[in-house]
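In my numbering, each residue's number is its place in the sequence shown (first place is 1) plus 1.
Here is the structure we will look at, set down as structure tokens.
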Amino acid sequence: MKNNYDVIIVGAGPAGIFTALEVTKLNPNLEVLIIDKGRNIENRRCPARETGKCINCKPCGITYGWSGAGAFSDGKLSLSPEVGGRLLDFFKEDESKKLINYCDDIYLKFGANKEVHGLNNERVDEIKYEASKYNIRLIECPVRHLGTEKAYEVLKGMYHYLIDNTNTEFEELTEALDIIVENNKAVGVTVLNKGQQKTIKAKHVVVAPGRGGAEWLSKQSKKLDLKVTNNAVDIGVRVEVPNSVMDHLTKDLYEAKLVYYSDTFDNKVRTFCMNPGGVVSEEHYEEGKIAVVNGHSYSEKELRTGNTNFAVLVSTTFTEPFNQPIEYGKYIAKLGNMLADNKIMVQRLGDLVKGRRTNESRLKKSTTIPTLKSAVPGDLSFVLPQRHLVSIVEALKAFDNIAPGLYSKNTLLYGVEVKFYSSKFDTKHNFETAIDNLYTIGDGAGITRGLMQASATGVVVARDISSKEK
2 MKNNYDVIIV GAGPAGIFTA LEVTKLNPNL EVLIIDKGRN IENRRCPARE
52 TGKCINCKPC GITYGWSGAG AFSDGKLSLS PEVGGRLLDF FKEDESKKLI
102 NYCDDIYLKF GANKEVHGLN NERVDEIKYE ASKYNIRLIE CPVRHLGTEK
152 AYEVLKGMYH YLIDNTNTEF EELTEALDII VENNKAVGVT VLNKGQQKTI
202 KAKHVVVAPG RGGAEWLSKQ SKKLDLKVTN NAVDIGVRVE VPNSVMDHLT
252 KDLYEAKLVY YSDTFDNKVR TFCMNPGGVV SEEHYEEGKI AVVNGHSYSE
302 KELRTGNTNF AVLVSTTFTE PFNQPIEYGK YIAKLGNMLA DNKIMVQRLG
352 DLVKGRRTNE SRLKKSTTIP TLKSAVPGDL SFVLPQRHLV SIVEALKAFD
402 NIAPGLYSKN TLLYGVEVKF YSSKFDTKHN FETAIDNLYT IGDGAGITRG
452 LMQASATGVV VARDISSKEK
């Protein structure tokens, strides 16, 4: 690392990568530095996926590193501005669609699958019509699925393009400590690299730390006195069922994005991150101290399993004086870890409804074979708040009307699934904060919740930086 760059990007997820791709395209002479707490994509490994046992790598190979957490896990590109973030809060629908299409073309250029799911309008309308009978909203969203293995190749291609063909440097295992501000202008970042603290100066600072860096960014906002707004807190479970239960939906949609408002509490319950033929996985935060559940799937048919998994999340928006959405999510996750020896807990839906714990004997009777072998049988009623648990059960019962067999005693629920969304930063339409030349984008800034919209925010910032440079 040098001492000075034109642009410093904190975080090597899609938001950071697309900032670099666009800014170097528009201004080839600009010198760009990307730093990340994790490793280069070719150095990222997850022993848990190879051996079934997490050894608490520091930093976590799934959460941190080039391509970020979401991209490396599954790689779904949602092609609707309604899904995956707040883009429509900043741009009109046609502008948002143009940004998404622009980013989609870049993914295709680097080898993304050409097939798009959810374009069979007649079938989508049929599912939407059927869902409406049961107060379920189907959000229409075409999806381009990369798959875990294809996402790796696509994001690796972007890395080599930037490093080999532009003035971009990437520094792995480098932690951002503080954003440096002088006279209300961002001028650099203090980092910890290979045990040494160093100050790197730049004309533009782009902060895109992803979900893994959301808490750090939240602390920086308080230090810099930046205005933020509470985001909804998303907490729930990951559901796993045989493919036969969901195939009629995922065949045309790939990901059925369903929204239901629970009967008892009127909470918004939504499905998220659906993985046909997928695998339930775990990821770790706080240097392995917190384990949360996730899922992924492959694009190659021979790698697929007999199960489909997806998240069912309860969204809650708290009002003042509450201002710690990340801490609240961590607290719930820690309860689950406490009861499962710092592992993921799994429970049969039938046992949960009957008010009893799932044990090894009951789990062995399940006709749904768990794909996360390290999961510990337990009782989620000791973990999730009643409001969340009741809302999830009511939603699953409703979803069973369009996916018969979902509300089954052998449906598996893994906990806890938490989305660590930071508070949303108050920014201009170009994602520049009240501090000049300081931009906050992506999931860590509470602005996006998925790959495609995170990528789009990077393009917006790069274009703004380019206009300033010109």
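For glycine and all other residues, C-beta sits at the position ideal for the given N, C-alpha and C.
- Excluding residues up to 5 positions away in sequence, Ala-49 lie with their Cβ nearer than 6 Å to the Cβ of Cys-55 in the same chain.
- Residue burial annotation: Glu-23 is buried, with at least 16 other C-beta atoms found within 10 angstroms of its C-beta.
- When DSSP states are grouped into helix, strand and coil, Phe-383 belongs to the helix group.
- The residues Pro-143, in chain order, have a CB closer than 7 Å to that of Leu-120 in the same chain once the five nearest residues on each side in sequence are set aside.
- Judged by beta-carbon spacing, Ile-436 lies beyond the 8 Å limit of Ile-442, meaning their Cβ atoms are not closer than that value.
- For Ser-81, the secondary structure class from DSSP, reduced to helix, strand or coil, is coil.
- Asp-235 has its alpha-carbon roughly 17 Å from the corresponding atom of Leu-397.
- In the structure shown, the three-state DSSP call for Tyr-329 is helix.
- Leu-100 sits close to Val-460, with the two beta carbons spaced by under 8 Å.
- In the DSSP assignment, the residues bridged to Ala-187 are Val-182.
- The alpha-carbon separation between Gly-39 and Asn-402 amounts to approximately 43 Å.
- The criterion of a C-beta distance shorter than 8 Å is not satisfied by Glu-141 and Ser-97.
- Within the region 380–433, complete beta strand (DSSP E) segments of at least 3 residues are found at 413–420, given in chain order.
- In the structure shown, the three-state DSSP call for Asn-244 is helix.
- Per DSSP, the unbroken alpha helix (DSSP H) holding Gly-148 starts and ends at 148–166.
- In the DSSP assignment, Ile-448 falls outside any alpha helix (DSSP H), carrying neither H nor E.
- Close CB contacts of Leu-439 within its chain, under the 6 Å cut and outside five residues either way in sequence, are with Ala-187 and Val-206 (chain order).
- The beta carbon of His-297 lies closer than 7 Å to those of Ser-74, Asp-75, Thr-149, Asn-276, Gly-279, Val-280 and Ser-282 in the same chain, with the five residues before and after it left out.
- Pairing Leu-385 with Val-313, the inter-Cα distance amounts to about 13 Å.
- Around the beta carbon of Asp-95, a 10 Å sphere encloses fewer than 16 other beta carbons of the protein chains shown; the residue is thus reported as exposed.
- Burial of Tyr-108 is indicated by the presence of at least 16 other C-beta atoms within 10 angstroms of its C-beta.
- Boundaries of the alpha helix (DSSP H) around Asp-90: 88–91.
- Annotated three-state conformation of Pro-277 is coil, per DSSP.
- In the three-state scheme derived from DSSP, where H, G and I count as helix and E and B as strand, Glu-303 is classed as helix.
- In the three-state DSSP reduction, Phe-19 falls in the helix class (H, G or I).
- Lys-59: not part of any alpha helix (DSSP H); DSSP gives it neither H nor E.
- Excluding five sequence positions before and after Thr-309, the CB atoms of its chain that fall closer than 8 Å to its own CB belong to Glu-241, Val-242, Pro-243, Asn-244, Val-246, Met-247, Asp-248, Thr-251, Met-275, Asn-276, Pro-277, Gly-278 and Gly-279, given in chain order.
- Residue pairing for Ile-370: DSSP places it in no beta bridge.
- Residue state for Glu-283 is assigned as strand, using DSSP reduced to three classes.
- Annotation for Ala-463: Thr-20, Glu-23 and Val-24 place their beta carbon closer than 6 Å to its own, counting only its chain and skipping 5 residues before and after.
- Tyr-415 places its beta carbon less than 8 Å from that of Ala-376.
- One thing to note: Ser-222 has its Cβ no nearer than 8 Å to the Cβ of Pro-326.
- For Thr-372, the closest of Gly-307, Gly-337 and Asn-232 by C-alpha to C-alpha distance is Gly-307.
- CA-to-CA, the gap between Gly-189 and Lys-202 works out to about 4 Å.
- About 5 Å separates the Cβ atoms of Ala-399 and Tyr-135, confirming a contact at the 8 Å cut-off.
- For Met-339, the three-state secondary structure derived from DSSP is helix.
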